[in-house]
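Let me begin by presenting the structure, written as structure tokens, before commenting on it.
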Amino acid sequence: MSTQVVLPRILQIGAHASRKIVEVVASLACCRPVILTDKTMVELGYVQALLTQFEDAEQLPDVFDNTIPEPTVASIMQAVSKVKSKPYDCIIALGGGSPIDTAKAVAVLVKFGGEMKDYKFPHIQTQAGLPVIAIPTTAGTGSEVTKFTIITDQDTDEKMLCAGPGFMPAAALIDYTLTLSLPPRITADTGIDALTHAIEAYVSKKANLYSDSQALAAMKLLAPNLREAYNNGKNESCREAMMLGATLAGLAFSNASVALVHGMSRPIGAFFHVPHGLSNAMLLPSVTAFSIASATARYATCARTMGVAASHHSDEQACELLINELQQINVDLKVPTPKEFGIEKDAFFAVCTTMAEQALASGSPGNNPRVPSVKEMVAIYHGLWDK
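Structure (structure tokens):
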């Protein structure tokens, strides 16, 4: 079988890659960019740093800074109105996964119209919208190099997975210096998110030779640097490794898939407004323990690649060490349980079946080495409370 690999047209990687924004806009034959971002990026001065690079006043981008964490249909449509207000020909997405996901959705809706729900999986968006230039400021989501966007329907609390090569950014500027100001909590949540991408891509039923190579390379960068990035955010070599690792993990899962962790994570975020990376972190040890018997050799390779198991360990021993490491990462990086996050038990348990049904409908659990029933997913959700 052959594998279709979808990538951004341009990848600019390394210190101060974001300073190439003007020439990247020009290389895409664009001249009227608009920046989609959030107010934090404005406050940190990152937006102004981009704007000062545009010497041509006619090319100076307008700024929409009202993107929100875990974007909703309502927030997307507000951004669509902004981008439709003038003849913009490309979108610069600056920030974490949420501004980039917003930009990808807006780019398609502006060009092709319709409602966000028209684009949710199983629909596959093959045609590209406006060109998106993604500039990530977290080392986690990989959204800058993926053909997916996640948008919440605020009326139903469903996180809609929208997929297809049409959502792939045209360019990505991977500048690790933009992550040096990240606080420890965001560093932890986004870092575990990236590690989850790499592991899930490697054990996915849709894994292939290309995605395997990216996933393993990502694990080698992420696992040894995750704790140091959390404890010492100014360590530039560590931040650089995390940033590249997150991008490689994004390439891996975009060209394979995510699996059960992500399928179960999205509804937790939608119902209880838990940041995406954090809900992944809550689930990763439990889902790995549930799945490991169905892909023992693959999970053992993950353990060895991450440096938590050696060649002399059997696959079974390596898998046990992997689960122990994932649990210890959550301890060391102070990942809260749903209870510790502040979710009420009755409210959580009341929607576990609904969350499991939404997870199954997203398609992601079907890529898992062990495909769960709704009942088994409910049991995993319940187990998170007792940890």
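In terms of numbering that gives the first Met the number 0, the sequence shown is residues 0 to 386. Where is the CB? At the ideal position from N, CA and C, for every residue including glycine.
**Report entry** Identified DSSP bridge partners for Met159
**Finding:** Ile150
Report task. Would you list the one or two residues that DSSP bridges to Ile9? Result -> Ala170
Requested in this report: Pull up the DSSP beta-bridge partners for Lys119, would you.
Outcome: For Lys119, which the question treats as bridged, DSSP gives the partners Cys161.
Query - Beta-carbon gap between Ala294 and Asp314 smaller than 8 Å - result: Not in contact: Ala294 and Asp314 (Cβ atoms no closer than 8 Å).
Query raised in the report: Shortest alpha-carbon distance to Glu356 belongs to which of Thr2, Val377 and Pro337?
Result: Val377
Report task. If I'm right that Gly394 touches Thr125 with Cβ under 8 Å, what's the distance once you round it to whole angstroms? Result -> Residue 394 lies beyond the range of the chain shown here (0 to 386); nothing can be said about it.
Report task. Determine the contact status of Leu35 and Ile90, defining contact as a CB-CB distance below 8 Å. Result -> yes
Query raised in the report: With 16 as the cutoff for other CB atoms within 10 Å, does Leu247 come out buried or exposed?
Result: Buried, because 16 or more other Cβ atoms sit within 10 Å of the Cβ of Leu247.
Query - 8 Å contact criterion, which Ala200 and Phe252 should meet: CB distance rounded - result: Between Ala200 and Phe252, the beta carbon gap of about 4 Å places them in contact (Cβ cut-off 8 Å).
Query - 6 Å CB neighbourhood of Ile12 in its chain, flanking five on each side removed - result: Ile173
Query - Nonlocal neighbours in the same chain, by C-beta distance under 6 Å from Lys38, ignoring five residues either side - result: Answer for Lys38: Asp64, listed in chain order.
Requested in this report: Give me the Cα-Cα distance between Leu283 and Asn234, rounded to the nearest whole angstrom.
Outcome: If you draw a straight line from the Cα of Leu283 to the Cα of Asn234, it comes to about 26 Å.
Query raised in the report: Quick one: is Pro182 buried, meaning 16 or more other Cβ sit within 10 Å of its Cβ, or exposed?
Result: exposed
Query raised in the report: Based on the DSSP output, what are the partners of Glu365 in its beta bridges?
Result: Reading the sequence as shown, one finds Gly at residue 365 and not Glu. Partner(s): none; Gly365 has no beta bridge.
Requested in this report: Label Met0 either buried or exposed according to how many other C-beta atoms from any shown protein chain fall within 10 Å of its C-beta, with 16 as the threshold for buried.
Outcome: That one is exposed.
Requested in this report: Find out if the Cβ-Cβ distance for the pair Gly362, Phe120 is shorter than 8 Å.
Outcome: yes
Query - Rounded separation between Cys161 and Thr304 - CA only - result: 31 Å
Requested in this report: Output the distance between the C-alpha atoms of Arg238 and Gln47, rounded to the nearest integer angstrom.
Outcome: 23 Å
Query raised in the report: Which residue's Cα is closest to the Cα of Lys146: Tyr118, Ala73, Met218 and Ala16?
Result: Tyr118
Query - Selected residue, minimal CA-CA separation from Ser26, among Asp88, Ala78, Leu332 and Lys333 - result: Asp88
Query raised in the report: Which residue spans inside the stretch 276-362 form an unbroken alpha helix (DSSP H) run of at least 4?
Result: As far as the stretch 276-362 is concerned, its whole alpha helix (DSSP H) runs of at least 4 residues are 295-305, 314-331, 337-340, 344-349 and 351-361.
Query raised in the report: Apart from the five residues just before and just after Ala106, which ones in its own chain have a Cβ nearer than 6 Å to its Cβ?
Result: Ile90, Gly128, Leu129 and Val131
Query raised in the report: How about Gly96 and Gly139: do their beta carbons lie closer than 8 Å?
Result: yes
Query raised in the report: Can you tell me whether Lys333 is buried or exposed, with buried defined as 16 or more other CB within 10 angstroms of its CB?
Result: exposed
Query - Residues near Leu277 in its chain [Cβ-Cβ closer than 6 Å; skip 5 each side] - result: Asp188
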